[in-house]
Amino acid sequence: MTPRNKSRLTLLAVVLLFAAPLLVAMLLNAQGWHPQKTRNSGTLVEPPRDINAVPLRLADGTALIWRDPQWQWTLLALPGAQCASHCRERLDEVLRMRLTLGRNAGRIRIVYLGPPLPAEMVAARAPLMTGSDTSNAFADYRARGDDSLALALVDPNGNLMMRYAEGYVALGLRDDVQRVFH
1100 MTPRNKSRLT
1110 LLAVVLLFAA
1120 PLLVAMLLNA
1130 QGWHPQKTRN
1140 SGTLVEPPRD
1150 INAVPLRLAD
1160 GTALIWRDPQ
1170 WQWTLLALPG
1180 AQCASHCRER
1190 LDEVLRMRLT
1200 LGRNAGRIRI
1210 VYLGPPLPAE
1220 MVAARAPLMT
1230 GSDTSNAFAD
1240 YRARGDDSLA
1250 LALVDPNGNL
1260 MMRYAEGYVA
1270 LGLRDDVQRV
1280 FH
């Protein structure tokens, strides 16, 4: 074997070494195989739901604008029929999670859409925004338990992309939010 042929075989072996995993992945994808476990804690909404046309009024009477350049992501807090002690604890947990994002905390707004909360509670939890979903556009994503809280994440383009059913893990939520920021 000549040195030239030996070099060609070496190059071919290196190309096959790097191409083999790609070919296996393409074959598995073509057959419809997907991993059972994903890294995200929430459930992806497939396909993402465009909610730009959903009319949402905040407690101060203004309309919520989904594509607001100041806020890039929106986390909707969707309680059950009432928001008593457990729901309020979960809401506080979400607000604390936002604080742990550090410099990225300003990139997400938290909007509570449920039964009215006491004014002093809302004032003490700034920057929490409250409003109402009069069109019931988020009824399918609400918590089923009376004193529970579910969440939904809306991207900067006004697409509902991820939901968190009641009983979600706050650390998983934080990891998901951090992941979308990077």
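Per this note's numbering, the sequence shown runs over residues 1100 to 1281.
Backbone N, C-alpha and C fix where the C-beta goes; we use that ideal spot for every residue, glycine too.
Give the secondary structure of residue 1101 by DSSP, where H, G and I count as helix, E and B as strand, and everything else as coil. The residue labelled residue 1101 in the question sits at position 2 within the sequence shown. Residue state, collapsed to three classes: coil.
Practice prompt. Could you check the C-alpha separation between residue 1204 and residue 1171 for me, to the nearest Å?
Written response: Working through the sequence shown from its first residue, we reach residue 1204 at position 105. Working through the sequence shown from its first residue, we reach residue 1171 at position 72. So the alpha carbons of these two residues sit roughly 11 Å apart.
- the stretch 1112-1129 in contact with the stretch 1200-1220 per 3-pair CB rule at 8 Å: No, because fewer than three Cβ pairs between the stretch 1112-1129 and the stretch 1200-1220 fall closer than 8 Å, the two stretches do not touch.
Based on DSSP bridge pairs, tell me the residues matched to residue 1249.
Along the sequence shown, read from residue 1 onward, the residue named residue 1249 stands at position 150. BP columns for residue 1249 point to 1177.
- prompt: Can at least three beta-carbon pairs, one atom from the stretch 1234-1248 and one from the stretch 1179-1192, be found at a separation below 8 Å?
  reply: Yes, they touch.
What are the start and end residues of each continuous alpha helix (DSSP H) run of 4 or more residues lying completely inside the stretch 1199-1234, in chain order? Taken in chain order, the whole alpha helix (DSSP H) runs of length 4 or more contained in the stretch 1199-1234 are 1218-1223.
*Validate contact between the stretch 1251-1266 and the stretch 1142-1157 using beta carbons, cut 8 Å, 3 pairs*: Judged by Cβ distances under 8 Å, the stretch 1251-1266 makes contact with the stretch 1142-1157, as three or more pairs qualify.
Margin query: Per the DSSP calculation, residue 1258 is bridged to which residue(s)?
Written below: Here residue 1258 refers to the residue found at position 159 of the sequence shown. Per DSSP, 1149.
>> Strictly by DSSP, which residues pair up with residue 1162?
In response: Within the sequence shown, numbered from 1, the residue matching residue 1162 stands at position 63. Beta-bridge pairing links residue 1162 to 1156.
Measure the C-alpha to C-alpha separation of residue 1233 and residue 1165 and round it to an integer number of angstroms. Translated into positions along the sequence shown, residue 1233 becomes position 134. Translated into positions along the sequence shown, residue 1165 becomes position 66. Cα to Cα, residue 1233 sits roughly 16 Å from residue 1165.
query: So the alpha helix (DSSP H) residue 1277 belongs to, where does it begin and stop?
result: The residue given as residue 1277 occupies position 178 in the sequence shown. Start and end: 1269-1280.
(Q) Residues in the same chain with beta-carbon distance under 8 Å from residue 1103, minus the five sequence neighbours each way, listed in chain order, please. (A) Position 4 of the sequence shown, counted from the first residue, corresponds to residue 1103. So the list is empty, once near-sequence residues are dropped.
Practice task
Please name the residue in 1206, 1208, 1207, 1231 whose C-alpha comes closest to that of residue 1216.
Solution key: Against the sequence shown, residue 1216 aligns to sequence position 117. The candidate whose alpha carbon is nearest that of residue 1216 is 1231.
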